[in-house]
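Peer 1: Residue numbers (this note's numbering), protein chains in the order written: chain Z, 1 to 440; chain V, 441 to 880. The C-beta atom is built at its ideal place from N, Cα and C for all residues, glycine as well. Okay, handing you the structure first.
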């Protein structure tokens, strides 16, 4: 199925107008970046690039798309002829999935003719803004949870396809499993889940429900104990499953108090190894507040799939350089009022001292040529990799493999952050973004 | 493409366990409802049902789904055999799309065997929670905008498929157009859009950009005038397009001040009919604050697709009645702590006095039989319609026709609200929900 219509109409009207006046063919550099970190977060997490690559493979205009554009008078005949053959033939470089980003980080750089690159704007932003918002929130939850595993179970609080993307983004940022089956199939993420309250209510008694679940899923299953009275639920659970019961889940109540009571009750009943999972309206703050409670794992729903208060990142996609009428390169940027930005092609490096990040160094070039690592910080780690070269997608970033690699990369680069970056309170970015002149 | 994996794993583990103990075949009634209105909103707007019907058509387990379930040991062989033949054969009744809802409104009632109905939980919630959150925010914006048209242009701030659903939900709730081409094609929503800042930056001068746009899109186009200096931009726009220029768009700055300045400048230049569109970070409050400004139309992005602070509704899907071991009906509900709900099958009516809504009347039945309109309010309007009967989907609610009908329905029923419901500030629901005993 074509993904070319997952886009704003104005990308195509600009394309048509640029074909008419010849500017369509001007070599151009677009940059996807964010002017700020939403919500006073101390770092952002890039996610979505692997999905974008998969969607880019299907980005073409078929008969159905061309007919709609013609019948609705959206573009002229010249543009229809161009779109019929459209395939992205430019290059895309940028931050790896799982990488951290800061204000001004050149997260993606898309190069091609204007026509080549302009039509990818909406799709690239849709994917990166959503997935990065979820990954950023998820990473904070993962830091708050420490060694305790986190499961994503927010599918019901996100549109049905976003739910799959959100599960993937949360996994990249440190979650260990998801409830979403499509995310399991498509991206290789471990899936989890046993039963809802309806399971207990379906049965004539809670005991019947627990017996049937243990018969079907084994003693190691997790029983949901809060449909009626939690104390009675726990007692029934251990009576039915025995002291080797895998776990109990609590989905309501004042969790620090309830978790302590349930742990004491389980221990008293001899179910010393039975785990406690809590799942009621958790976010990074609630998880942090449970650090001292006897909880073994967390299930997070609404807050992770909605970015914990910030459901979209504030990334934009801007033309930063293009060829001029004289054939030379021109750095460009919107100058007006509150949305100014920095023109020019950029190369980015995480500057490290003793292995700790101290700056996001962005080397700005007036020209088109690639730029070297700035020499001031010999420990600098280059942040950009090539995703697409001359229209060819590097498959390393796609599918199950790309997703697992992104998760490993995230957990690795998070270790570089200074300690203050791990706090949950609102603050400035953990490291400053420093723009320097490129060394040609 | 199958939609059956857009679901939580536990729906299928419950199904498998219920097949094993025979409860899978118990006639059951699930209800989709919300315990509260998010964010102190005074009413909610139902959206998504038409999309859910379309997704339900593709809800089946094919070879690929069955293989994943088997290979990952998620369900046993009996369940695989059941799922292979699965088609929803029950019934779905509920609120029309575009209808208003309040705490406890029985928005959808899904009836069938437990196995039939339990597996639809995640998908139904994903669609309704997302689409209704967007529609509820959009309706408030539509009220704030009054007669001025509103365009949805938030695709870049929502995941790529949610963007299409959000455009549809906003249209149902009173928006008049979208930037999203797929929403235009799939749901018949008018699309709009002309050019971005990159269009101006691509050219050697703003004047070149405006000339090329007018040549391609005609004098009636809308020119984006804030890439450099707004005053210069407006002057150039009118010089290039003439006083019959269709419109100018302003995407930054202090809008009440800028809009007044631009209107004065346009009038002075003789462009008396040139419209002003504003598009910078608008939400319902910013729109309301512009009511006295000379603005002709609004474009809304981030805030509408993210539900203006509440990106998901708080709808849940609960078993409310089922057959017991003795063949009789049993009303059921979770009793524990903070998430209690009302069991039993329900019929809902908007109680009206002199055409103004005074209550959401919900008649609760202990049994399975349909219930009559409560007699107290002869002006009551029944709120539930049949979407699916014995597995057959009523096509009236799908596609372009269903979407247009939902929009008309919404605008009609919004007229029934008491005046206080139209205020934007946080408050209680505009009308109380009154539970009454059903008249058999």
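Between which two residues does the beta strand (DSSP E) holding residue 738/V run?
Peer 2: First-last of the beta strand (DSSP E) with residue 738/V: 737-740.
Peer 1: Mind pulling the chain Z residues with CB within less than 8 angstroms of residue 759/V?
Peer 2: Per Cβ cutoff of 8 angstroms: 197, 198, 201, 202.
Peer 1: With a 10 Å radius around its C-beta and 16 neighbouring C-beta atoms as the bar for buried, classify residue 25/Z as buried or exposed.
Peer 2: Residue 25/Z comes out exposed.
Peer 1: Locate the alpha helix (DSSP H) running through residue 231/Z, then write down its first and last residues.
Peer 2: First-last of the alpha helix (DSSP H) with residue 231/Z: 230-241.
Peer 1: Which first and last residues belong to the alpha helix (DSSP H) in which residue 629/V is found?
Peer 2: Element bounds for residue 629/V: n/a, residue is neither H nor E.
Peer 1: Is the beta carbon of residue 687/V less than 8 angstroms from the beta carbon of residue 717/V?
Peer 2: In contact: residue 687/V and residue 717/V (Cβ atoms closer than 8 angstroms).
Peer 1: Find out if the Cβ-Cβ distance for the pair residue 5/Z, residue 43/Z is shorter than 8 angstroms.
Peer 2: No.
Peer 1: Quick one: which unbroken alpha helix (DSSP H) runs of 4-plus residues sit fully inside the region 580-666 of chain V? Chain order, please.
Peer 2: DSSP runs (the alpha helix (DSSP H)) wholly in the region 580-666 of chain V: 600-612, 621-627, 637-642, 646-657.
Peer 1: Buried or exposed: where does residue 180/Z fall if 16 or more other Cβ atoms within 10 Å of its Cβ makes it buried?
Peer 2: The residue in question, residue 180/Z, is buried, as its Cβ has 16 or more Cβ neighbours within 10 Å.
Peer 1: I want to verify the contact list: residues of chain V whose CB lies under 7 angstroms from the CB of residue 93/Z, in sequence order.
Peer 2: Those within 7 angstroms of residue 93/Z in chain V number zero; the least Cβ separation is about 19 angstroms.
Peer 1: Taking residue 153/Z as the query, report the chain V residues whose CB atoms sit under 8 angstroms from its CB, ordered along the chain.
Peer 2: Those are 448, listed as they occur along chain V.
Peer 1: Distance cutoff 8 angstroms, beta carbons only. Does residue 858/V sit that close to anything in chain Z?
Peer 2: So, not an interface residue.
Peer 1: Quick one, which of 520/V, 788/V, 556/V, 710/V has its alpha-carbon nearest residue 685/V's?
Peer 2: Checking every option, the nearest Cα to that of residue 685/V belongs to 710/V.
Peer 1: How about residue 13/Z: is its C-beta nearer than 8 angstroms to some C-beta of chain V?
Peer 2: Chain V contact via Cβ: present.
Peer 1: Along chain Z, in chain order, which residues have C-beta atoms closer than 9 angstroms to that of residue 586/V?
Peer 2: Residues of chain Z passing the Cβ test: none, with the nearest at roughly 25 angstroms.
Peer 1: My understanding is that residue 388/Z touches residue 92/Z, with C-beta atoms under 8 angstroms, so please give their C-beta distance in whole angstroms.
Peer 2: Sure, about 4 angstroms apart at Cβ, within 8 angstroms.
Peer 1: Alpha helix (DSSP H) containing residue 9/Z: first to last residue?
Peer 2: Taken as a continuous stretch (DSSP letters only), the alpha helix (DSSP H) holding residue 9/Z covers 9-21.
Peer 1: Under a Cβ-count criterion, where at least 16 other Cβ atoms within 10 Å of its own Cβ denotes burial, should residue 273/Z be classed as buried or exposed?
Peer 2: It counts as exposed.
Peer 1: Does the beta carbon of residue 21/Z sit closer than 8 angstroms to a beta carbon anywhere in chain V?
Peer 2: Yes, because at least one Cβ of chain V sits closer than 8 angstroms to the Cβ of residue 21/Z.
Peer 1: Going by DSSP, what residues sit across from residue 102/Z in a beta bridge?
Peer 2: Residue 102/Z is not bridged to any residue.
Peer 1: Measuring alpha carbon to alpha carbon, tell me which residue in 61/Z, 402/Z, 288/Z is nearest residue 425/Z.
Peer 2: Here the closest residue by C-alpha is 288/Z.
Peer 1: Hey, how far is the Cα of residue 99/Z from the Cα of residue 593/V?
Peer 2: Taking the straight line joining both Cα atoms gives about 29 angstroms.
Peer 1: Whose C-alpha, out of 627/V, 841/V, 748/V, 668/V, is nearest the C-alpha of residue 645/V?
Peer 2: Closest by alpha carbon: 668/V.
Peer 1: Mapping the DSSP letters down to three states, classify residue 405/Z as helix, strand or coil.
Peer 2: It is helical.
Peer 1: Taking its Cβ as the centre, do 16 or more other Cβ atoms sit within 10 Å of residue 732/V, making it buried, or is it exposed?
Peer 2: Under this definition residue 732/V is an exposed residue.
Peer 1: Over the uninterrupted beta strand (DSSP E) stretch that includes residue 755/V, give me the two end residues.
Peer 2: Its beta strand (DSSP E) spans residues 755-763.
Peer 1: Could you compute how far the alpha carbon of residue 401/Z sits from the alpha carbon of residue 325/Z?
Peer 2: Going from the Cα of residue 401/Z to the Cα of residue 325/Z covers about 44 angstroms.
Peer 1: Decide if the region 75-82 of chain Z is in contact with the region 122-135 of chain Z; the criterion is three or more beta carbon pairs, one per stretch, under 8 angstroms apart.
Peer 2: Contact fails: fewer than three Cβ-Cβ distances are below 8 angstroms.
Peer 1: Do residue 62/Z and residue 88/Z have their beta-carbon atoms positioned less than 8 angstroms apart in this structure?
Peer 2: Contact flag unset, no.
Peer 1: Using 8 angstroms as the threshold, is the C-beta distance between residue 10/Z and residue 635/V below it?
Peer 2: It is a contact, given that the beta carbons lie within the stated cut-off.
Peer 1: Between the alpha carbons of residue 249/Z and residue 380/Z, how many angstroms are there, rounded?
Peer 2: If I take the Cα positions, the gap works out to 45 angstroms.
Peer 1: With 8 angstroms set as the bound, which would you pick, yes or no: does the beta-carbon of residue 530/V sit closer than that to a beta-carbon of chain Z?
Peer 2: Taking Cβ atoms only, chain Z never reaches closer than 8 angstroms to residue 530/V, which makes this a no.
Peer 1: Taking residue 123/Z as the query, report the chain V residues whose CB atoms sit under 7 angstroms from its CB, ordered along the chain.
Peer 2: The answer, in chain order, is 600.
Peer 1: Could you say which of 575/V, 656/V, 624/V, 578/V lies nearest to residue 68/Z if we only look at CA atoms?
Peer 2: The option with the nearest alpha carbon to residue 68/Z is 624/V.
Peer 1: Is there a Cβ of chain V sitting closer than 8 angstroms to that of residue 59/Z, yes or no?
Peer 2: No, because no Cβ of chain V sits closer than 8 angstroms to the Cβ of residue 59/Z.
Peer 1: Based on DSSP bridge pairs, tell me the residues matched to residue 33/Z.
Peer 2: Answer is 316/Z, bridged to residue 33/Z.
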